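Participant: Dropping a structure here in structure tokens format, bear with me for questions.
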Amino acid sequence: MIHLQLQGALHNFPQAPLGIFPTPLQPLLRLGESIGCPELYIKRDDLTGLAMGGNKTRTLEFLLGEALSRGAETIITSGAPQSNLCCLTAAACARLGLKCILIHNAEQPNSMTGNLFLNHLLGAELRFVGDVDEHQREAIVAETAEVLGDRAFAVRNGGSTPLGALGYVQGAVELQEQVTRRGIDLEHVVIVGAMAGTASGFVAGNALMGSPFRTHVISVEYSEEVLRGLLEEYSGAVMDLLKMEPAGPLFEGVQIYDEFLGEGYGMANQPTLDAALRVARTEGFFCETVYVAKTISGLIGLIERGDIPSGEAVCTWHTGGHPALFTQADLFPQ
Ligand SMILES: *Cc1c(COP(=O)(O)O)cnc(C)c1O
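Residue numbers for the sequence shown follow my numbering, so the first one is 1092 and each next one is one higher.
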């Protein structure tokens, strides 16, 4: 019942049709066996069907839905040259017939690899603003939008906004429907936490469905404390947007871990590299190191430590990012 109400609330927001949903929910038999987790699944949001896939497809359906409803003709967003959000925004703009301006906080590199190369293929206008921090970068986005006026729409903060987070409220509903239909008694979900749009949407959606899943958020960017603050802020704002209240506590069954972060954001430690190799060699698909392999290293760690009891069903979320892998070859000694 609550699902219908939740779906109704989500449908009040305009959505740009960008992806192919539901994404596959796939058992990981060989990986599961090798790590002592017989019932392991992955939600393949690397197969969202836009460009080379990824979580930002869900985010952008809501953000660009809003942009289109306001009559926007140009979308501006920003990120590092290998930002997956930038590439998916460029692809979405191509699909929707919008102009795309990408603000990269780096000097123009000599060679265009990974996402940057794809951004070029997708016809985005790339602006390299040098080595500025995230706040300065956001300020440049705001200025650029202001100069362009009404017809411009800015995707801010890596897409991690309450509106963007609705994508993973919908993702939570989608997962719940899949496991119900297939008779899977799913207990645990392991999901990435960077700027927290993805995880906060999932946490909010799960809470609004009565918390069917225990959520384990693996930080790949911030400390546990900072990530918790972001999750609380966004998932609270998601409730306000949807004008709904969970029956129980919002953070019931939610655990946040920062001990798999290693030396920090984007720094691939040995467990991260091991996870990428293990997934490729047992399951035949890829995980880049910044987000996905690090999250799976967390999943493996939680099972090894017994935080997730062996025998209980677990699902992790593949959030995509494949193009970045082509810039990461040197991390894997041959
Ligand atoms: C952006 C991104 C994430 C992190 O999502 P947040 O909403 O910022 O926490 C994870 N994986 C991939 C591949 C991404 O591009």
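Yeah, the Cβ is synthetic: ideal placement off N, Cα and C, and Gly gets one too. In this text, all values refer to a predicted model and were calculated from it rather than measured experimentally.
For T1426, which option in Q1096, M1143, Q1106, L1122 has the closest C-alpha, if you only look at C-alpha atoms?
Facilitator: It is not possible to answer for residue 1426, since the shown part of the chain is limited to 1092 through 1425.
Participant: Ends of the alpha helix (DSSP H) at P1118?
Facilitator: Numbered from 1 along the sequence shown, position 27 holds the residue referred to as residue 1118. Premise fails: P1118 lies in the beta strand (DSSP E), 1116–1118, not in any alpha helix (DSSP H).
Participant: Under the assumption that A1107 contacts L1141 (Cβ atoms under 8 Å), give the Cβ distance between them as a whole number of angstroms.
Facilitator: Within the sequence shown, numbered from 1, the residue matching residue 1107 stands at position 16. Within the sequence shown, numbered from 1, the residue matching residue 1141 stands at position 50. The Cβ separation is near 10 Å, so there is no contact.
Participant: According to DSSP, is A1142 helix, strand or coil?
Facilitator: Here the question's residue 1142 lines up with position 51 in the sequence shown. The answer is coil: DSSP assigns A1142 none of H, G, I, E or B.
Participant: Going straight from the alpha carbon of A1290 to that of Y1259, what length do you get?
Facilitator: Within the sequence shown, residue 1290 is the residue found at index 199, counting from 1. Within the sequence shown, residue 1259 is the residue found at index 168, counting from 1. Looking at the two C-alpha atoms, the distance is approximately 7 Å.
Participant: Among M1300, S1169, Y1356, F1423, which one has its Cα closest to the Cα of V1264?
Facilitator: Here residue 1264 is taken as the residue at index 173 of the sequence shown, counted from 1. V1264 has its Cα closest to that of M1300, out of M1300, S1169, Y1356, F1423.
Participant: Would you call the CB atoms of G1156 and P1200 closer than 9 Å?
Facilitator: Counting from one through the sequence shown, the residue named residue 1156 turns up at place 65. Counting from one through the sequence shown, the residue named residue 1200 turns up at place 109. Not closer than 9 Å, so no.
Participant: To the nearest whole angstrom, what separates the beta carbons of L1138 and V1370, a pair I think is in contact under 8 Å?
Facilitator: Translated into the one-based positions of the sequence shown, residue 1138 becomes position 47. Translated into the one-based positions of the sequence shown, residue 1370 becomes position 279. With a Cβ gap of about 15 Å, L1138 and V1370 do not count as contacting.
Participant: In angstroms, rounded to a whole number, what distance separates the CA positions of F1376 and N1146?
Facilitator: The residue given as residue 1376 occupies position 285 in the sequence shown. The residue given as residue 1146 occupies position 55 in the sequence shown. Rounded to the nearest angstrom, the two C-alpha atoms are 16 Å apart.
Participant: Any heavy atom of ligand 1 closer than 8 Å to the beta-carbon of M1300?
Facilitator: Taking the sequence shown and counting its residues from 1, the one referred to as residue 1300 is at position 209. Result no, Cβ not under 8 Å from ligand 1.
Participant: Taking the C-alpha atoms as reference points, what is the distance between M1092 and Q1267?
Facilitator: Within the sequence shown, the letter at position 1 stands for residue 1092. Within the sequence shown, the letter at position 176 stands for residue 1267. At M1092 the pLDDT is 48, less than 50, meaning the model places this residue with poor confidence and gives no usable figure here.
Participant: Return the bridge partner residues of L1277 from the DSSP annotation.
Facilitator: Your numbering for residue 1277 matches position 186 in the sequence shown. Answer by DSSP bridge pairing, in chain order: A1404.
Participant: Beta-carbon separation of A1359 and T1380 under 9 Å?
Facilitator: Here the question's residue 1359 lines up with position 268 in the sequence shown. Here the question's residue 1380 lines up with position 289 in the sequence shown. Taking 9 Å as the Cβ cut-off, A1359 and T1380 qualify as a contacting pair.
Participant: With DSSP as the reference, label M1092 as helix, strand or coil.
Facilitator: Here the question's residue 1092 lines up with position 1 in the sequence shown. Note that M1092 has pLDDT 48, beneath the 50 cutoff, so the model's placement of it is unreliable and the number below is only indicative. Coil at M1092, not helix or strand.
Participant: Considering only their Cβ atoms, is the gap separating I1309 from L1368 smaller than 9 Å?
Facilitator: To locate residue 1368, count along the sequence shown from 1; it is residue 277. To locate residue 1309, count along the sequence shown from 1; it is residue 218. Cβ atoms of L1368 and I1309: not closer than 9 Å.
Participant: Are the segment 1275–1284 and the segment 1384–1398 touching, with three or more C-beta to C-beta distances below 8 Å?
Facilitator: The answer is yes - the segment 1384–1398 touches the segment 1275–1284, with three or more Cβ pairs under 8 Å.
Participant: Among the residues of its own chain, which have a CB less than 6 Å from the CB of G1240, if the five just before and after it don't count?
Facilitator: Start at 1 with the first residue of the sequence shown, and residue 1240 comes out as number 149. Cβ within range, chain order: n/a, list empty.
Participant: Can you check which of these residues, L1213, L1207, G1339, is closest to A1298 by C-alpha distance?
Facilitator: To locate residue 1298, count along the sequence shown from 1; it is residue 207. Of L1213, L1207, G1339, the residue nearest in Cα terms is G1339.
Participant: Is the distance from the Cβ of D1224 to the Cβ of N1206 below 9 Å?
Facilitator: To locate residue 1224, count along the sequence shown from 1; it is residue 133. To locate residue 1206, count along the sequence shown from 1; it is residue 115. Cβ atoms of D1224 and N1206: not closer than 9 Å.
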